[in-house]
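K.L.:
Residue numbers (my numbering): 25 to 193. Quick reminder that beta carbons are idealized off the backbone N, C-alpha and C, glycines included. Submitted below is the structure of interest, expressed as structure tokens.
This is the structure we're talking about:
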């Protein structure tokens, strides 16, 4: 055995060196799989949070219709006139506490109820006229989740969830 080889690997012999190489090759497959699994779990968590944020934002808008100040005196300090606005819903969604909540976007649509049965809903041209009890509010929340799996191209998944509720006050 040449002298330089002996000095580089003094304690690694046949099967020990082979084990080290096999472990290194296995780690090339195992670690990306583990980190990929963690990223997929975070993606499921983000999808669940986007869905919950849409429901919470719709409920926030539902109880803050154009008559909310007269029905609920405690809302007088934060009394929206006439009803909650798109910007207030966006601010509410971004303040929910999710680590990526600053990147959430919320879009609200107000719908008016038709007079015929069964009820049909039509989008309002002027949302200020459609915030009465019995009208409907839809909130869609979107989030672009960045996936960073090792040895995989970086991409984003667009999550969107829509919730609809009838305005109560």
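Beta strand (DSSP E) containing residue 163: first to last residue?
P.N.:
Position 139 of the chain shown, counted from the start, is the residue given in the question as residue 163. 160-171 is the extent of the beta strand (DSSP E) around residue 163.
K.L.:
Below 8 angstroms, can you find three or more Cβ-Cβ pairs linking the region 180-189 to the region 159-169?
P.N.:
Yes, the region 180-189 is in contact with the region 159-169.
K.L.:
Counting C-beta neighbours from all protein chains within 10 Å, is the total for residue 176 16 or more, i.e. buried, or is it exposed?
P.N.:
Sequence index remark: in the chain shown, residue 176 carries index 152 (1-based). Residue 176 comes out exposed.
K.L.:
With DSSP as the reference, label residue 53 as helix, strand or coil.
P.N.:
What you label residue 53 is simply residue 29 of the chain shown in a count that begins at 1. Here residue 53 sits in helix by DSSP.
K.L.:
Report buried or exposed for residue 149, applying the criterion of at least 16 other Cβ atoms within 10 angstroms of its Cβ.
P.N.:
Position 125 of the chain shown, counted from the first residue, corresponds to residue 149. The residue in question, residue 149, is exposed, as its Cβ has fewer than 16 Cβ neighbours within 10 Å.
K.L.:
Can you find the residues in the same chain that come closer than 7 angstroms, C-beta to C-beta, to residue 79, ignoring five residues on each side of it along the sequence?
P.N.:
Here residue 79 refers to the residue found at position 55 of the chain shown. Excluding residues within five positions, the ones whose Cβ falls inside 7 angstroms are 187.
K.L.:
Measure the CB-CB distance between residue 108 and residue 85 and report whether it falls below 7 angstroms.
P.N.:
Against the chain shown, residue 108 aligns to sequence position 84. Against the chain shown, residue 85 aligns to sequence position 61. Cβ distance < 7 angstroms, so residue 108 and residue 85 count as in contact.
K.L.:
Helix, strand or coil, according to DSSP, for residue 185 in the structure here?
P.N.:
As a position in the chain shown, residue 185 is number 161, starting the count at 1. Note: residue 185 maps to strand in three-state DSSP.
K.L.:
Would you kindly work out how many angstroms separate the C-alpha atoms of residue 157 and residue 190, rounded to a whole number?
P.N.:
Here residue 157 is taken as the residue at index 133 of the chain shown, counted from 1. Here residue 190 is taken as the residue at index 166 of the chain shown, counted from 1. In a straight line, the C-alpha of residue 157 is about 7 angstroms away from that of residue 190.
K.L.:
Per DSSP, which residues does residue 190 bridge with? Please list them.
P.N.:
Within the chain shown, residue 190 is the residue found at index 166, counting from 1. Bridge partners of residue 190: 160.
K.L.:
Helix, strand or coil for residue 39 per DSSP?
P.N.:
The residue labelled residue 39 in the question sits at position 15 within the chain shown. Three-state result, residue 39: helix.
K.L.:
Exposed or buried, what is residue 81 when buried is set at 16 or more other beta-carbons lying within 10 Å of its beta-carbon?
P.N.:
Counting from 1 along the chain shown, the entry for residue 81 is found at position 57. So residue 81 counts as buried.
K.L.:
Here's the rule: buried if 16 or more other CB atoms are within 10 angstroms of the residue's CB, otherwise exposed. What is residue 65?
P.N.:
To locate residue 65, count along the chain shown from 1; it is residue 41. Its Cβ having fewer than 16 others within 10 Å, residue 65 is exposed.
K.L.:
With residue 91 as the anchor, note down where its alpha helix (DSSP H) starts and where it stops.
P.N.:
Here residue 91 corresponds to residue number 67 of the chain shown, with the count starting at 1. Neither: residue 91 is in no alpha helix (DSSP H) and is coded neither H nor E.
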